[in-house]
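The block underneath contains the structure these notes are about, expressed in structure tokens.
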Amino acid sequence: MLSTASWAGPDELVDGLLAILAAGASLVQVANPDPAMLQRRIATEKVTRVL
């Protein structure tokens with residue numbers, strides 16, 4: 001999974017990181033994403049879902 005969401009508080013941390021890891025998935029967290037480069041990042045990281 002790839003996410004560009006911020007973790008501003010505990011609820012976002014649980015929803016954006018811990019829930020994903022608890023489900024057995026992996027996470028690519030992208031801070032300050034460049035929209036022009038996002039598709040390349042998705043392909044490079046072999047992302048199957050984008051949040």
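Heads up: the sequence shown at position 18 corresponds to 18 in UniProt numbering, and the numbers run straight through without jumps.
Note that beta-carbon positions come from the ideal geometry of N, C-alpha and C, so glycine has one too.
Pairwise C-alpha distance: residue j and residue i
i          : j     : result
Thr44      : Ser26 : 15 Å
Val28      : Asp15 : 14 Å
Val30      : Gly24 : 19 Å
residue 53 : Thr48 : Lying before the first or after the last residue shown, residue 53 is absent from the chain, which here runs from 1 to 51.
Gly9       : Ala22 : 19 Å
Leu13      : Asn32 : 17 Å
Alpha helix (DSSP H) segment containing residue i, residue limits
i     : result
Thr44 : 38 to 44
Leu27 : Neither: Leu27 is in no alpha helix (DSSP H) and is coded neither H nor E.
Pro10 : 10 to 13
C-beta atoms of residue i and residue j nearer than 8 Å
i     : j    : result
Leu51 : Ser3 : yes
In DSSP terms, what residue i is bridged to
i    : result
Ser3 : Gln29
Integer-rounded CB distance, given that residue j should sit under 8 Å from residue i
i    : j     : result
Met1 : Ile20 : 6 Å
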